Amino acid sequence: MSTATGVGSMPGDDLAAAQRLVLDELADHLPHLVELPDRGIHSGMVARSLALVGAIGVDLQPAGWRLTDASGIDHRRAQSRLAQDLDVLEELSQGWTGPFKVQVAGPWTLAASVEKPRGDKVVSDHGARRDLAQSLAEGVRTHVRDVRRRVGGVETLIVQVDEPALAAVAAGGIRTASGFGRHRVVHPPELSEHLGWVLEAVTAEGAVPWVHSCAPGTPLDLLRGAGAQGLSVDLGVIDATGHDALGSALEAGESVALGVVPAVDGVAPTESELVERVVRWLDMLGLDPDVVRDRLVVTPSCGMAGATPGWARRALVLAASTARHLSEA
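Taken in order, the sequence shown gives residues 131 to 459; the numbers are from this note's numbering.
Put into structure tokens, the structure is as follows:
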């Protein structure tokens, strides 16, 4: 049976309401821990993942998050915000059982977003990016244990590692601090190794590692080689090489989460249109829906922080109903 989930972010600043919505609308599918970037920088994707990093110091500077000798008050605020969100999840999930998903920013997205102590991005320094990736891996281990402790009804825990910046890192597309240059390309062996540390940490704790990116040009084969057991993508930006990688993943028994529901308000497709789109895609790959439907997950095309609350609800409903119709197709 196909299932449905959200990518992670939702609109608004009411965590309890958003989390309740996800638990209700995806009750028979794959609910997830909600992220609400509208609450401020301490609730953004980067801050939430830095909240897991305890072995190195982090602080917030005018230019953004930066590694420091000791953690500052903003790092502690990010940690407190994540703990509060998990408190809310723990309360709302009482009596609930089933699979569940949490999201963390991956090592390359952090390296492309966070600065070194003296400026410029971590991605520019081999040692700094290694230390950040290894610290993130250890933080993810602790996070998985914490979620399992708080949400006792979790049967399968999926950790979605968000890597929207990985394609740019691989292509040398991350700008330097001056804005006039770009950092050097990071080559595939190192990209795979650092990502692999985080994915291995997830696996070692008995959870299932997925990698998500809605950026075009993401090297999906590299993600699989690093240990991803699920790929989450925006179907609309995948090229021929990506289609082949997704088909290979399905044939290998891995999960593929297809972003087919619009993430922001606009002309809403019907359930039948979405089902037809997925079935046509499977036909293009030469895959039988009856064989792979249990590995298919329907999602919005990307995070929904920019959507209206009404559309966010509608998108989750569409994803869930599309998954149900795929199971009957």
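Note that the Cβ used here is the ideal one computed from N, Cα and C, for glycine as well.
Please read all numbers here as calculations on a predicted model, not as lab measurements.
Suppose contacts are defined by Cβ-Cβ distances below 7 Å. Is residue i in contact with residue j by that definition?
i, j, result
"Ala393", "Ser431", "yes"
"Trp195", "Val244", "yes"
"Val234", "Ser179", "yes"
"Ala177", "Ala200", "no"
"Ala307", "Asp215", "no"
"Val328", "Leu266", "yes"
"Ala242", "Ile304", "yes"
"Leu182", "Leu219", "no"
"Val447", "Ala134", "no"
"Ala370", "Ser132", "no"
"Ser139", "Gly433", "yes"
"Trp340", "Gly360", "yes"
"Arg407", "Val386", "no"
"His324", "Ala258", "no"
"Lys246", "Leu212", "no"
"Ser378", "Leu352", "no"
"Gly372", "Glu285", "no"
"Leu151", "Leu166", "no"
"Arg425", "Leu380", "yes"
"Ala337", "Val274", "yes"
"Val277", "Val232", "yes"
"Pro521", "Ala442", "Nothing can be reported for residue 521, as the shown portion of the chain is limited to 131 through 459."
"Gly269", "Trp226", "no"
"His256", "Gln290", "no"
Whole-angstrom Cβ separation of residue i and residue j, contact assumed at under 8 Å?
i, j, result
"Glu293", "Gly236", "4 Å"
"Leu222", "Leu160", "At roughly 16 Å, the Cβ-Cβ gap does not stay under 8 Å, so Leu222 and Leu160 are not in contact."
"Asp168", "Asp143", "5 Å"
"Leu388", "Arg423", "Between Arg423 and Leu388 the Cβ distance is about 12 Å, and since that is not below 8 Å, they are no contact."
"His313", "Gly302", "7 Å"
"Ala450", "Leu156", "6 Å"
"Ala185", "Arg271", "Ala185 to Arg271, Cβ: 12 Å. No contact."
Identify every residue that forms a DSSP beta bridge with residue i.
i, result
"Glu165", "Ser139"
"Gly187", "Thr198"
"Ala435", "Beta-bridge pairing links Ala435 to no other residue."
"Pro147", "Here residue 147 is Ala; the residue named in the question, Pro, does not match the sequence. Answer is none; Ala147 lacks a bridge partner."
"Thr429", "Gly389"
"Thr272", "Looking at the DSSP assignment, Thr272 forms no beta bridge with any residue, so it has no partner."
"Thr133", "Val427"
"Val284", "Gly228"
Checklist entry - Unbroken beta strand (DSSP E) runs of length 3 or more, entirely within the segment 288–361: which are they? => result Within the segment 288–361, the runs of beta strand (DSSP E) at least 3 residues long that lie entirely inside it are, in chain order, 338–343.
Next on the checklist: Restricting to runs no shorter than 3 residues, where is the beta strand (DSSP E) found entirely within the segment 349–423?
Outcome noted: With a minimum length of 3 residues, the unbroken runs of beta strand (DSSP E) contained wholly in the segment 349–423 fall at 360–364, 385–391.
Item to check | Three or more C-beta pairs below 8 Å linking the segment 297–313 and the segment 335–347 | outcome: yes
Item to check | Any alpha helix (DSSP H) of 4 or more consecutive residues that is wholly inside the segment 204–264 | outcome: Counting only runs of 4 or more, we get 237–243.
Item to check | Contact the segment 376–396 vs the segment 436–445: 3+ CB pairs below 8 Å | outcome: yes
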